Each structure stands twice: as structure tokens, then as C-alpha cells.
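Asker: Mind having a look at this structure? Questions to follow.
Chains as they are written, first to last, in the working numbering: chain E, 12 to 319; chain D, -11 to 431.
Printed below as a string of C-alpha cells:
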């Protein structure tokens, strides 16, 4: 009898009922709610990324499939290794300084009485809120090769002019400085939020134990902010590595290619010089580096989630 | 009483029958639609003149034309054409400068049927226009008046006379051929040194942008120095290149210290601020000076490039009007491009640009605009090279286009000069340039 029942096809009512059950599952609802975002990511992220991989495997004339030979070609180019070095130098040094400045400023703001704190927070966020392409234009005028406002001030103190964008080392310093200026407020606001969530009792207990200021920072604040510091630093590393606008506006990669990052060099090679496959290949070199950073972020988020 | 109800099916059938039976009505835009992506001119009012010419043609031909003026600022024009080439969809007519017709050669409609009659009508085009616009015997675009420019010297008459003892107006008189046999690269170097000492250095950039590369390219041509020859062989390690590089280094010593960081705006600012005795630029810097620094503008004189051992070469950057092969109205596009290249239309376009735009055809280099523009009167007389006093050239020519384009956009000429200037041994600089160019050879 059971065998016979199993062979009876599902009736329409059964199908409706199983669909009803499927729709009631939490995972189904979650999937449906996330579907618009998944589609958006598919169209705006996955498709371009896949297309970039496809382009990177074509010859210069985009008429032939060449496999991974574009990647091999880049390994033999000195300029490519210079760009790798510059991208790492730019991203790592900028993130370290942004984190340090953000940490210090967050403490200052945290110690401002609540009444006046909001306006300070607002003002300090301004560099982060202005589109970088616009704010970098202002920096371009400050660093202008011939009419630098900074040099004008230095001249008043009898200090010789500085080639802000004319010498490789100064140009690298300039783009890192602007990136720090733009990005430090993000760290500040994240760290400030983290600081506000540290229970006051921990500091009181530390004070009773006779902890110094440094010991309170080292043994209370930093461990409590560990997750947010890691996430913020890694997130910023990704964004800084992929930076385009600051370098493009300020130095356009010069002088002598000494400030090119992956993104700006990919643009120079791919769009300006007409070698789109090689440009796509350059930009794809960011992927493994950023994937490692993303893995750390995801691992940290998971760890943090399980702690909660 | 019969009652008929109109169903969806019967309505569709009736509508289709009516459409088929309707007589052909020649409407206002019966010859179809045409879209154009033109270079957005920086001269106020210049776009209006080109638009009026296009509208006049459109009304006559019953074509509905849409014009998009696309700026070249921030590479917007370049990005638009790259996107259209990838998408195989976009404007019917696209303005492309210098290297881009050759880059997109396989996607452009040959226009020999327009250009060859225009050459017969308006005179020959210079060798640079032919090198950039004609590939494998096919003209890829019609040499455009709008945006085509020369990047020769724009000197300050007073400073050149006072500091270098050179009377540029006498060398390049209005209404007469140049008397500039003495205007050589040696004279130029001496003048650069004198003006540098006098606190008014020549404003020539050594960056990677077009103005810097064009000047360096013209100097290299003046020595007969080719980085890659027409066959595609790397010829960096040659005596002419060594001589050109040595000259570049000696000249760079008298340029502003920050010249390696200059972009295409830096030289304009250098002239307008009154700091510079000479820049290499089309008359745009002078036009800005007319507005912002009239005293400077009154002393500006546009003239030919100094001659080197291999001859006199002036940088010329032409624009082309091209038609994509995916254009849906190619016949209308060709008709319009022919109309825009007629002498009366060219004359209007040149006048609207204040003399900035240069037609590429030999018979159209003596229009009255260049003789009349002021101050000082006649400052633009020699700008269009009316006496063929110099060979119009572009940096990196005669290399095959796909190699030359990369040499040009990556500023190999200026990078070589800066490297050598900073103390790198010449042979090492040549090794570096060879290695870079070798990387451009891939297919």
C-alpha cells in the first residue's frame, strides 16, 4: 500500500503546499530579500570582473585568446615591478598613518564634552565627505609646480622651495599625504564609535589597580578595539590599494612613472595607450592582494560574530 | 440596430491595414537621424557656429541631427570613443584626435570618397595628417578643422628682444615669408639660457602630457632621431638619438626646475603670469592672456619652430571626423562631413575659434582671421604655417601607429630627457628606452 502511495504523482494541492512551506523557510525569505542586491552585484561587480578576466586573456588587438601570457609578459617588465612596489608603499604607509592619526584624534574627540563634540565630529569628517577628485584639485593648487601655496609660505620663512610633485620621493610623499588627509576621518569615526562602546567600569577597575595612562590604553582600550581596528585597517587597505583619483589628479603617475599605482597604470596602459588587454591584466594583479585582505576581513567578522 | 464591438484583434488588424495603405509623407526629418560626438571647443561661442553650420545642412537634407559636444578634459572624449568601440554602438560621427583613427581603424568606415575630392578642391594635406589618418591606403576620417592645432612657439616679443637679442617679429613678419634662417636650435638654446638668467625661463614642460611630448618630439625630429623606424625596428641606439638627447638635456637645464611635473596647463599659466619668455602652445594661452593679462597678450607672437640639423619640424595635432562602421546612417554622415569641409564653412569655423583651429588643407592656411587677429595685429599670421616654412610633425612618427601611440602617451621622449638630466648615463637611458619600447611591440 505504501509503495502504491509513493507512485501516485503529486497533486496540485501538494505542490502548492510544498511551495508554501518553501516560502515560509527563513533561508528562502532571506534569499529573496537579498536577491536585488545579488542581482546588482552580479551586474555591476561579477560581470565586469569576469569580463576583465576575459579581456586579460586576449592579445593586444583583441582578436586572439592568449591564455595567461599577458600576465607572464608583465612579470618581465621593470615598470610593472615599480608599480607593485609603489602600490604597496602607498597603501601600507597611508593605512598605518591613517590608523595612527584616526586613533589619536578619536581619543581627543572622545574627551571633548558631549555638548560640543558633535560639531567637532562634523568638521573632522569634512575631508572624508568631499569627493576626493575635488579635494585633490585643491591640493594640486597647494602643490602646484610653479605656484605652490606651501612653497610661498616656506619662502616667507626663508626655506627653499620643495618640488612637491617634481621629484619622485616628494611626489610619493604628496600623494600619501593627501590620501591620509582624505582617509583619516574614516578611521577616526570608526575608532570613536569603538571607544564609546568600551565599558567605563573597565577603566575604573584599571584605575583602582593603579594602571597608568599607557597601561589603560594597552590593556583595556586596544584589546576592546581589536576587532574594529583590524576590520577598519583591512577595509582601508583594499580601498587605498585600488586608489585612482588622488594620483590621477595630483601627479598622473609622474614624474618618471614614480607615483603610478595599479589603477592609474592600468588606465595609462589600457585606455590611454590603447592596450586594453594589458590594462585589464594590470588591474587584475590587485585581485590576489585584495583577496588576501578580504579573507582576513571575513575571518575577523566571523570570529567577532561567534564571540558575540 | 447592429452593434459592433472593437476587440484588440480587430483594432490591431485595422491599424496595420491603415499603416500599409498610408501614402509616403515626406516629413521634416524624412532622411533619418544622425548623431554626432564633437570635441567641445574651449573658445566661447565656437560650438554655436559649428552647430549652426550643421543645422543648416540638416534642414536642407531633412535629417534630424543630435550633437553632443564632448570635452577632452579628463579624457572624456577618449573614454566615450573607447566605450562606443567596445559596445559597437554610439554616435554616427565621432571626432577623434591624432592616434585614435588608427587605433580604431577596423571599426571605421573608409572615407576616401570624401577626402580625395577635398584634397583636389582644397589642396594637399601635410604628411602628418596623412600618416595619422590614412592607413593601408584608406582614409579613416576626414581631416577636421575643429580642434586641429599647431604647437609652435609663442614668444614674448619684449623679453626675447631684451634678454636674448632676438626680434621675432622681424624673423616672422606679417604678410611676408619668414626670414628665420638664423632661428636654429643653437640660437634657441642660447636664447633659453639668456632668458633663464634673466628670470624669464622658457616655459617648456618635461612631463608626460601632450604639450611636453610634442615639443620633445619636434626636437628629436629636428635631429632626425627616431626611436622606432617606419618598419617597426627599434632605433633608439643611434647617433641622431644621442645628439637629440644631449640637446634635450642641455636645454632642460635652462627650463623651470619643476618642468618634469608640468601638465598641459602649466605652460599656459607660465606665460599668462608673465614669468615666461616663450612657450610651445597653440594660441589658447595667448587668448587667455588677452582676457586676464592684456599687457602680456600684447607682446605675444606665434611663429615657427627652430631648425635642427635635419630640418625644421613643428608639432601638429590634427583632429579627424570619423564614422563608425556600426553607424546606421553612413550616407548622411558622409554628406555632412563633406559639407563641413567646404571652404566657406572652414572659414567660419576658423573665425569662430579666433584662429585656433587649423584646417589641414594647404589652400586654407591663408584665411584673413590669422592676419587680422590681435593684439598685436598679425600675431597669428605664421601660426598656420602659410609658407610651408616647417615640416609639420608628431612625436614618435614614423613608427607603426600602435607602437608610436604608446611611445607618445607614455612620454618616452620626455622621460629620456629627464632621466639623462637627473644624471643617468646616456647609454643607460637608451637601454631603458629600448626596453620600454620593446614592451610596446607585442601584438
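From the three backbone atoms N, C-alpha and C, an ideal C-beta is built for every residue, glycine too.
Bear in mind that the values here come from a model prediction, so they are computed numbers and not experimental data.
Helix, strand or coil for residue 296 of chain E? Go by DSSP, reduced to three states.
Answerer: coil
Asker: Quick one, which of D:215, D:79, D:129, D:180 has its alpha-carbon nearest residue 403 of chain D's?
Answerer: D:215
Asker: Tell me, to the nearest whole angstrom, how far the beta carbon of residue 317 of chain D is from that of residue 65 of chain D; I am working on the premise that it is less than 8 Å.
Answerer: Wrong, their Cβ atoms sit about 21 Å apart, outside the cutoff.
Asker: So does the stretch 75 to 95 of chain E actually touch the stretch 175 to 182 of chain E, counting three or more Cβ pairs closer than 8 Å?
Answerer: In short, these stretches do not touch, since the Cβ pair count stays below three.
Asker: With which residues is residue 144 of chain D paired in a DSSP beta bridge?
Answerer: In the DSSP output, where bridge partners are listed per residue, residue 144 of chain D has D:288.
Asker: Identify every run of the beta strand (DSSP E) within the stretch 28 to 86 of chain D, keeping only runs that are complete inside it and at least 3 residues long; order them along the chain.
Answerer: 52 to 58, 81 to 85
Asker: Could you spell out the range, first to last residue, of the beta strand (DSSP E) harbouring residue 381 of chain D?
Answerer: 379 to 381
Asker: DSSP three-state label for residue 108 of chain D, please.
Answerer: helix
Asker: Would you identify the three-state DSSP class for residue 307 of chain E, choosing helix, strand or coil?
Answerer: DSSP places residue 307 of chain E in helix when its eight states are reduced to three.
Asker: Which residues in the same chain have their Cβ closer than 8 Å to the Cβ of residue 120 of chain E, if we skip the five residues on either side of it in sequence?
Answerer: 128, 131, 132, 135, 199, 203
Asker: Is the Cβ of residue 132 of chain E closer than 7 Å to any Cβ of chain D?
Answerer: For residue 132 of chain E, no CB of chain D lies under 7 Å from its own CB, so it is not counted at the interface with that chain.
Asker: Tell me the DSSP secondary structure of residue 149 of chain E in three-state form.
Answerer: helix
Asker: Cβ of residue 285 of chain E less than 7 Å from any chain D Cβ?
Answerer: Using a Cβ-Cβ cut-off of 7 Å, residue 285 of chain E counts as an interface residue toward chain D, since at least one Cβ of chain D sits closer than that to its own.
Asker: Is residue 310 of chain D near residue 131 of chain D, with beta carbons less than 7 Å apart?
Answerer: no
Asker: Could you pull the DSSP bridge partners for residue 312 of chain D from this structure?
Answerer: D:96
Asker: Over the uninterrupted beta strand (DSSP E) stretch that includes residue 136 of chain D, give me the two end residues.
Answerer: 130 to 138
Asker: Got a sec: which bits of the stretch 49 to 77 of chain E sit with their beta carbon under 7 Å from any beta carbon on chain D, in order along the chain?
Answerer: For the stretch 49 to 77 of chain E, residues whose beta-carbon sits nearer than 7 Å to a beta-carbon of chain D comprise 70, 71, 72.
Asker: Can you check which of these residues, D:294, D:307, D:234, is closest to residue 349 of chain D by C-alpha distance?
Answerer: D:307
Asker: Let me know the secondary structure DSSP gives residue 71 of chain E once reduced to three states.
Answerer: The answer is coil: DSSP assigns residue 71 of chain E none of H, G, I, E or B.
Asker: Rounded to whole angstroms, how far is the Cβ of residue 266 of chain E from the Cβ of residue 201 of chain D, which I believe are closer than 8 Å?
Answerer: Between residue 201 of chain D and residue 266 of chain E the Cβ distance is about 14 Å, and since that is not below 8 Å, they are no contact.
Asker: Residues of chain E with CB closer than 7 Å to the CB of residue 431 of chain D, please, in chain order.
Answerer: Near residue 431 of chain D (Cβ distances below 7 Å), the residues of chain E are 70, 71, 72.
Asker: Apart from the five residues just before and just after residue 277 of chain E, which ones in its own chain have a Cβ nearer than 7 Å to its Cβ?
Answerer: 290, 293, 294
Asker: Distance check for residue 273 of chain D and residue 141 of chain E, CA to CA, integer angstroms please.
Answerer: 31 Å
Asker: Assign residue 14 of chain D to buried or exposed, taking buried as 16 or more other Cβ atoms, counted over all protein chains shown, within 10 Å of its Cβ.
Answerer: Here residue 14 of chain D scores only 44 on pLDDT, less than 50, and its place in the model is too uncertain to base an answer on.
Asker: May I ask you to report which of helix, strand or coil DSSP gives residue 205 of chain D?
Answerer: helix
Asker: Identify whether residue 338 of chain D lies in helix, strand or coil by the three-state DSSP scheme.
Answerer: Reduced to three states, the DSSP call for residue 338 of chain D is helix.
Asker: Taking the alpha carbon of residue 91 of chain D as the reference point, which residue from D:391, D:322, D:339, D:179 has its own alpha carbon closest?
Answerer: D:391
Asker: Looking at the strands, I want to know which residues DSSP matches up with residue 303 of chain D.
Answerer: BP columns for residue 303 of chain D point to D:381.
Asker: Residue 215 of chain E to residue 118 of chain E, Cα distance in whole Å?
Answerer: 17 Å
Asker: From residue 123 of chain D to residue 243 of chain D, what does the alpha carbon distance come to, in whole angstroms?
Answerer: If I take the Cα positions, the gap works out to 38 Å.
Asker: Measure the alpha-carbon distance for residue 260 of chain E versus residue 254 of chain E and round it to whole angstroms.
Answerer: 11 Å
Asker: Residue 237 of chain E CB to nearest chain D CB: under 7 Å?
Answerer: no
Asker: What does residue 434 of chain D touch in chain E if you count any residue whose Cβ is under 7 Å from its own?
Answerer: Here chain D comprises residues numbered -11 to 431, so residue 434 of chain D is not present and cannot be evaluated.
Asker: Closest Cβ-Cβ distance between residue 127 of chain E and chain D: below 7 Å?
Answerer: no
Asker: To the nearest angstrom, how far is the alpha carbon of residue 137 of chain D from that of residue 270 of chain D?
Answerer: C-alpha separation (whole angstroms): 6 Å.
Asker: Mapping the DSSP letters down to three states, classify residue 101 of chain E as helix, strand or coil.
Answerer: helix
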